[in-house]
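In the numbering used here, the protein residues as written are -12 to 534. Heads up, the thing below is written out as structure tokens.
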């Protein structure tokens, strides 16, 4: 029965869905579940599903779409927004992790080529997983979130360059010098980049404008463009991944990139399922057991060493230890690109199956553990904060503008400048209220400062920041953030500072409102509910006046 490809795919998708549900309950990324299903179904376990060319085809299409979407979302503006710290942290972490990882691999008895692959694989973190976790915690727009996304983009660019270099190295035979092969790759790469640039400027914007009249046709073209880019990359001697990445970059500057990316994400995730299943099914459980000791050593280095490297770089650049710690945790795992890189090395004959198993095992360990580290980053920081001062300068000049004057006189201290907070701030200013606003999104801070508001960057969940607030003469502290955890931390910090004024907090449900009222909050705001009541009063008042 399982000789049928259709039946095999049905079994794969069904078990992957079940394993994905279990992973969600455990708050784990789906990658872990998919690789586990592949190991279960592969020849080294129950052997229900064998490796087939059709499954391999789906896997390669998934990788092509992954790189295409990465190129599509290559937002250089993010790197510019967070300044040089994204480049310094990204490149610095890649360099130091590679060097230390290479030395560890040599000490474990690996050959030089294998050690290089393992060391490079340890440097890359998963953009998909990190952005998902930061989005769930609503920290993508925070300072540490922007810095993390910035150096993850730098890593994505580096991994593409590494793939180009490894492909050139793999194609260089005994009779062909590396310098000649490198020159050939440079010439081909230059011609490829020039062609992409010309298409970006003269052809693709007009073509996409015409195709956008039909969303189905636009999606079909995007998929075709990704696959053709992958084909071009392979024909030119780079790799399918590099070609797909450049295809994505070629339409990243068009107005349709967000629409294309949003529609392709589901298809990308579905096809990537087969890559991780294939990867898991190719692993030998006996080999994995033999690699357990080395995988633990490398995993500890990634889980502890990578965050320390980022914290050291950011501390040297003048960021506070809390910002460095929260950003550093995002590199405490290896990514799907590490697994793709290892698969490329296996296909080029540079690596053995045992090394692929080692890197996969490190991925499973670090992704699983780092997910919890990121989810509980704030409690973890509170426990470790006393020992982290070594990573902070005496004067963290990059964040000096968040240091407020404790004796400043304000009527209201408004925390959070989202849609609700910004509207509330505008109404308070119209009524002549002396107001200080605080937000953890540096872009929002800059925008409101230009509009004439007194605004500072800060995180209400940080007890050290709460201590810098001008609380002595402040009548109201108003939090427009509808996150009960953040508001509870804020209330705790205010009590620690002996604040005696009034407090208002926003929340999302009547149940939270009751809890905050019992906690002694003077005013509980439920934005949508309050607005609905006011709208109902206006409607009924108008109806009564007509009667």
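Where a beta carbon is used, it is the ideal one built from N, C-alpha and C, also for glycine.
Would you kindly work out how many angstroms separate the C-alpha atoms of residue i and residue j, rounded to a whole number?
i, j, result
"residue 314", "residue 477", "21 Å"
"residue 263", "residue 23", "9 Å"
"residue 337", "residue 321", "20 Å"
"residue 379", "residue 40", "53 Å"
"residue 347", "residue 83", "21 Å"
"residue 190", "residue 183", "10 Å"
"residue 372", "residue 301", "16 Å"
"residue 495", "residue 112", "34 Å"
"residue 552", "residue 489", "Absent from the model: residue 552. The displayed extent of the chain is -12 to 534, so no value can be given."
"residue 76", "residue 144", "14 Å"
"residue 310", "residue 130", "7 Å"
"residue 207", "residue 60", "18 Å"
"residue 193", "residue 434", "33 Å"
"residue 303", "residue 296", "11 Å"
"residue 468", "residue 407", "9 Å"
"residue 74", "residue 235", "22 Å"
"residue 99", "residue 93", "7 Å"
"residue 390", "residue 27", "The predicted position of residue 390 is uncertain, since its pLDDT is 49 and thus under 50; a value taken from the coordinates is nonetheless stated next. Cα-Cα distance, rounded: 54 Å."
"residue 437", "residue 204", "42 Å"
"residue 222", "residue 178", "13 Å"
"residue 553", "residue 461", "Residue 553 lies beyond the range of the chain shown here (-12 to 534); nothing can be said about it."
"residue 413", "residue 298", "37 Å"
"residue 355", "residue 11", "12 Å"
"residue 220", "residue 172", "11 Å"
"residue 29", "residue 211", "31 Å"
"residue 162", "residue 253", "With a pLDDT of 47 at residue 162, under the threshold of 50, the predicted position of this residue should be treated as unreliable, and no value is reported."
"residue 516", "residue 473", "21 Å"
"residue 440", "residue 307", "25 Å"
"residue 410", "residue 418", "13 Å"
"residue 319", "residue 294", "6 Å"
Taking DSSP as the reference, what is the three-state secondary structure of residue i?
i, result
"residue 389", "Because residue 389 sits at a pLDDT of 45, beneath the cut-off of 50, its placement in the model cannot be relied upon, and the following sentence gives the value as read from the coordinates. Helix."
"residue 476", "helix"
"residue 321", "coil"
"residue 127", "coil"
"residue 13", "coil"
"residue 0", "helix"
"residue 426", "strand"
"residue 444", "strand"
"residue 361", "helix"
"residue 491", "strand"
"residue 76", "helix"
"residue 518", "helix"
"residue 5", "helix"
"residue 400", "strand"
"residue 100", "helix"
"residue 466", "strand"
"residue 508", "coil"
"residue 366", "helix"
"residue 287", "helix"
"residue 187", "helix"
"residue 144", "helix"
"residue 540", "The requested residue 540 is not part of the displayed model; the chain covers only -12 to 534."
When you compare the CB of residue i with every CB in chain D, is at least one pair closer than 8 Å?
i, result
"residue -5", "Any reference to chain D falls outside this structure, which holds one protein chain only."
Taking Cβ to Cβ, would you say residue i is nearer than 8 Å to residue j?
i, j, result
"residue 425", "residue 445", "yes"
"residue 284", "residue 91", "yes"
"residue 110", "residue 81", "yes"
"residue 233", "residue 58", "yes"
"residue 358", "residue 14", "yes"
"residue 255", "residue 0", "no"
"residue 470", "residue 47", "no"
"residue 116", "residue 242", "no"
"residue 415", "residue 397", "no"
"residue 512", "residue 491", "yes"
"residue 231", "residue 213", "yes"
"residue 120", "residue 362", "yes"
"residue 150", "residue 328", "yes"
"residue 485", "residue 453", "no"
"residue 350", "residue 333", "no"
"residue 345", "residue 268", "no"
"residue 88", "residue 105", "yes"
Would you say the beta carbon of residue i comes nearer than 7 Å to a heavy atom of the ligand ZN?
i, result
"residue 255", "No copy of the ligand ZN appears in this structure; indeed no ligand is present at all."
Exercise. Within the chosen definition, does the region 132 to 139 reach the region 40 to 58 through at least 3 CB pairs nearer than 8 Å?
Worked result: Contact fails between the region 132 to 139 and the region 40 to 58, because fewer than three Cβ pairs, one in each stretch, are under 8 Å apart.
Exercise. Can you find at least 3 beta carbon pairs, one from the region 226 to 244 and one from the region 43 to 60, that sit closer than 8 Å?
Worked result: Counting C-beta pairs with one atom in each stretch, the region 226 to 244 and the region 43 to 60 have three or more that are closer than 8 Å, which means they touch.
Exercise. Are there three or more Cβ pairs, one per stretch, closer than 8 Å when the region 10 to 30 is compared with the region 287 to 297?
Worked result: The region 10 to 30 makes no contact with the region 287 to 297, as fewer than three CB pairs between them are under 8 Å.
Exercise. Taking one C-beta from the region 0 to 11 and one from the region 242 to 252 each time, how about it: are there three or more such pairs within less than 8 Å?
Worked result: Touching, no.
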